[in-house]
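Chains as they are written, first to last, in our numbering: chain A, 252 to 878; chain B, 607 to 965.
Idealized CB from N, CA, C, for every residue including glycine.
Given the structure is predicted, the values throughout are model-derived calculations rather than measurements.
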């Protein structure tokens, strides 16, 4: 892979080498609209046919004090002509809208990378806020990078002058000016952005026009400028479209993907969906997305708290709809008791956990995979439930369907693990053919069994019947107290509790018989080293293994979707490798489960900085183990 | 389909289950269970369409003993579960059975919100001013100074008043009764007839841990003087000539509060006795706060002024939002800014811009 240093040296540009991929990071004040800029740049990039991955990184505060180090909001995109699976390691280009953005992000920039800075914001006051004594643009401290600095603020003001905006409003267009420049640099079309601005500001056409003018001005600046202290001209990159299978594509975030997957799952089960939710970062986007989809038989209910959110979903499942709830770690903790109720009453329920950094409030806007123990083990009593984990925004669609299938086919709550990275990131998605998914229609019990109603009688999968209130002749009572086998009456007897505990365990364990065998993503089944991951570490593991294999190393990548129960063949598969490496954004949770389940020497590679793995970090760990 | 046609006229017996009732002998819950089982056939309820949802506590065992659908949930969360049930199937008659601890301590939040939202359901709060199932600790409705295993020197906190809490939370129906009262079925009927959340506080005698705590007004002897049974359109009268005179409740206009007045020769108008208007929210606020002792205990329907229910609103909005739209999932997935990768890769299709599904 070409580094930015290579791209930017005169030799490389002379040779007109097109890089395989480029990483750009937009960083600014949390009020500067960086997420918007990044989002729109992503859209244009996707439309240009590049493969891409993004990583939005923003502070927990909605509007942190202006110019401060902790108020910096960043959006990174990695795009190119090859198969992109991560948001990239070190950026090739950093757009810094103020000194704080430069300070917090520049250390990540590749040596020789390009800094684009807005000198208009490098004021004495802002430098102080960013704890710079002297402007880094002037003291030579940025020597290892290439710096293009110009007064974006003033240029923006000039470009929107004809629209008579106030200073503050005019400066708000800065992000569009910057976007225009970035679009020029990477040869992206402005058309979709212009259409989007017109729609966004339909009620304030002067704002639409001002933003479009700023966008065009930034673009024109790139085209005509002869700038830079050393006479550097702006480099223009041209990236070929990534080869992709034929079909219709769109970009999708994990939040939308989960919402659509749940809708698809409910349709395949032929059930209306009830979604009980309570606002929490970073899970709220799923609630927002579903709230717009009433025509799909979706009822959304913003409950008074996390407990009411899951309790109402359980009530809806009891009444015959597909109950769904979604939250993040702290909210999931509150739902624990109700999950036990769903396990005890054996009602279908889908619980989505968009994980964030913990414990407690932790890092609401940062990503982590540290709720695996909570999902698998985190309830009172022996309370097993199936757990599945999505690896990417696009994968989340299928995982949501799978969660609905297991919940309704086994009468059990199911946890679907996502994370903040998957929820917020966008990636190109080949729109699936909905008819390609096998339906799993639910049959409610309408008539009692021979010999009388048995609400806790079981089929061969140990599933009990689903009986909706409103069905004549099948009145019965359920609850959280241990119940007798078959009749479901209250029963505290020792033999019955033993039997029911076994049944609940065996039912969930039996889900393994309905899931595909574990496959190997890259490399052979068996060999020197397996890198085993789950969830959103897919991208960096994939790239690290790819690089290691390109160097001739015997390493394979296994990525587990079904965390509990695990695929039937997983134990044998893992034992066919000499060594097992488990990279996780936690302190080693999957590692523990693998060791427990299979007595294998799974070795952890852990990161809990709130940032995704870098490819290089995993690559180094592979090197180390294969030494 | 099942063809179990129910008998023409059901009786209380038809609403009994085969489960052994497991409350302490003499518990007030028995009387409430009987009152409910007597009421259900009279209001024309259908077992298959009736759901009893409860939380945790002695009272919450109730659903096991009613021959209908029943869900014994977790502590304090019955209103939340019931909300899901009712939104999923608004045709069901939903009864919430709860206690003073369940509804006002651990589940206070849900009680507030189910009332505020006005979910169409009946909420029967069995208030015995004690935690029974956990063996006698004081509860949020226990009177100040209540001695219990957790408060051996007496409780120091002020009690919550369930009816006042309900009204404050926005309830559109607030009533009171007590376990052995012959009027309880009438209160339950009124609650059932009310469309929206109907809150009924039922004083219940816990004979083991808080015996006879309501005897001061519930005892048959002297009941006339200590119970004010409210009836819509009728003057607020209590007492009798046999027991020291007929009295009434009047408005103290100077202090803007209620007062007890003597009614002479049946002329309650002259005494300024208030005619009960179940729609008068201001008077209802005074009735739920009326201190027992100086005043009789206000019982019956204190307030009843229906408003549109939560599930009606949700369903109407769902329907309006869905109107004219086809639930085409394939189309939904293909919305927004899309592009086509094909043999002629060039085709970048801006898709249906402004679809509301942008990044």
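Test: residue i CB closer than 8 Å to a CB of chain C
i	result
residue 552(A)	Of the chains in the structure shown, none is chain C; the protein chains are A and B.
Collapsed DSSP secondary structure at residue i in the structure displayed
i	result
residue 242(A)	Any answer about residue 242(A) is impossible in this case: the structure gives chain A only from 252 up to 878.
residue 655(A)	helix
residue 497(A)	coil
residue 813(A)	strand
residue 444(A)	helix
residue 725(A)	coil
residue 588(A)	helix
residue 422(A)	helix
residue 482(A)	Low confidence applies here, because residue 482(A) scores a pLDDT of 42, under 50, leaving its location unreliable; read the following figure in that light. DSSP places residue 482(A) in coil when its eight states are reduced to three.
residue 731(B)	strand
residue 811(B)	coil
residue 621(B)	helix
Any C-beta of chain B under 8 Å from that of residue i
i	result
residue 495(A)	yes
residue 590(A)	no
residue 518(A)	yes
residue 284(A)	no
Neighbour flag for residue i against chain A, beta carbons, 8 Å
i	result
residue 616(B)	no
residue 622(B)	no
residue 680(B)	yes
residue 874(B)	no
residue 944(B)	yes
residue 802(B)	no
residue 940(B)	yes
residue 683(B)	yes
residue 774(B)	no
residue 927(B)	yes
Interface partners of residue i on chain B, CB under 8 Å
i	result
residue 741(A)	625, 670
residue 582(A)	Under the 8 Å cutoff, chain B gives no residues; its nearest Cβ is about 14 Å from residue 582(A).
residue 563(A)	686, 687, 689, 690, 693
Buried versus exposed, by CB contacts within 10 Å (16 or more), residue i
i	result
residue 654(B)	buried
residue 971(B)	For residue 971(B) there is no data in the structure shown, the boundaries of chain B being 607 and 965.
residue 923(B)	exposed
residue 861(B)	exposed
residue 582(A)	buried
residue 610(A)	exposed
residue 743(A)	exposed
Beta-carbon neighbours of residue i, restricted to chain A and to distances below 7 Å
i	result
residue 980(B)	Nothing in the structure corresponds to residue 980(B), since chain B is present only between 607 and 965.
residue 924(B)	545, 550
residue 931(B)	546
residue 936(B)	685
residue 731(B)	None at all; the shortest Cβ gap to chain A is about 18 Å.
residue 920(B)	550
Chain A contact residues for residue i, given Cβ-Cβ distances below 8 Å
i	result
residue 655(B)	720, 721
residue 810(B)	What residue 810(B) touches in chain A: nothing, since even the nearest Cβ is about 21 Å away.
residue 691(B)	566, 567, 569, 570, 720
residue 698(B)	570, 720, 721
Check: residue i C-beta below 7 Å from any heavy atom of the ligand GTP
i	result
residue 315(A)	In the structure shown, the ligand GTP is absent, as is every other ligand, since no ligand is present at all.
Beta-carbon neighbours of residue i, restricted to chain B and to distances below 7 Å
i	result
residue 726(A)	653, 654, 673, 674, 675
Interface residues of chain A facing residue i [CB-CB closer than 9 Å]
i	result
residue 857(B)	Within chain A, no residue comes near residue 857(B); the closest Cβ sits about 36 Å away, beyond 9 Å.
Under 9 Å by beta carbon: chain B residues contacting residue i
i	result
residue 498(A)	946, 947, 948
residue 529(A)	Chain B residues near residue 529(A): none, gap ~11 Å exceeds 9 Å.
residue 682(A)	936, 939, 940, 944
(message) Whether or not the segment 693-707 of chain B and the segment 725-741 of chain B are in contact is what I'm after, with contact meaning three or more pairs of Cβ atoms, one per stretch, closer than 8 Å; do they touch?
(response) Contact holds: three or more Cβ-Cβ distances are below 8 Å.
Using 8 Å as the cut-off, can you tell me whether the segment 501-509 of chain A makes contact with the segment 641-651 of chain A, which would need three or more C-beta pairs spanning the two stretches below that distance?
Taking 8 Å as the limit for Cβ pairs, the verdict is that the segment 641-651 of chain A does touch the segment 501-509 of chain A.
Open item on the list: Could you check whether the segment 833-851 of chain B touches the segment 658-668 of chain B, counting it as contact only if at least three pairs of C-beta atoms, one from each stretch, sit closer than 8 Å?
Closed with: no
Taking 8 Å as the cut-off, does the segment 771-782 of chain B touch the segment 688-696 of chain B (at least 3 CB pairs, one atom from each stretch)? no
Is it a yes or a no for the segment 286-300 of chain A touching the segment 437-456 of chain A, going by three-plus beta-carbon pairs under 8 Å? yes
Indicate whether the contact test is met: 3 or more Cβ pairs, each with one atom in the segment 679-687 of chain B and one in the segment 816-829 of chain B, closer than 8 Å.
no
* **the segment 310-324 of chain A touching the segment 669-686 of chain A, judged by at least three CB pairs closer than 8 Å** => no
### Query
Any contact of the segment 816-826 of chain A with the segment 836-843 of chain A, i.e. 3+ C-beta pairs under 8 Å?
No, because fewer than three Cβ pairs between the segment 816-826 of chain A and the segment 836-843 of chain A fall closer than 8 Å, the two stretches do not touch.
| request: Decide if the segment 628-643 of chain A is in contact with the segment 563-580 of chain A; the criterion is three or more beta carbon pairs, one per stretch, under 8 Å apart. | output: no
| message | Under 8 Å, with one C-beta from each stretch per pair, do the segment 626-638 of chain A and the segment 662-669 of chain A reach the 3-pair mark? | response | By the criterion of at least three beta-carbon pairs nearer than 8 Å, the segment 626-638 of chain A is in contact with the segment 662-669 of chain A.
Exercise for the section: Determine contact between the segment 593-608 of chain A and the segment 543-557 of chain A, defined as no fewer than three beta-carbon pairs at a distance below 8 Å. Expected result: no
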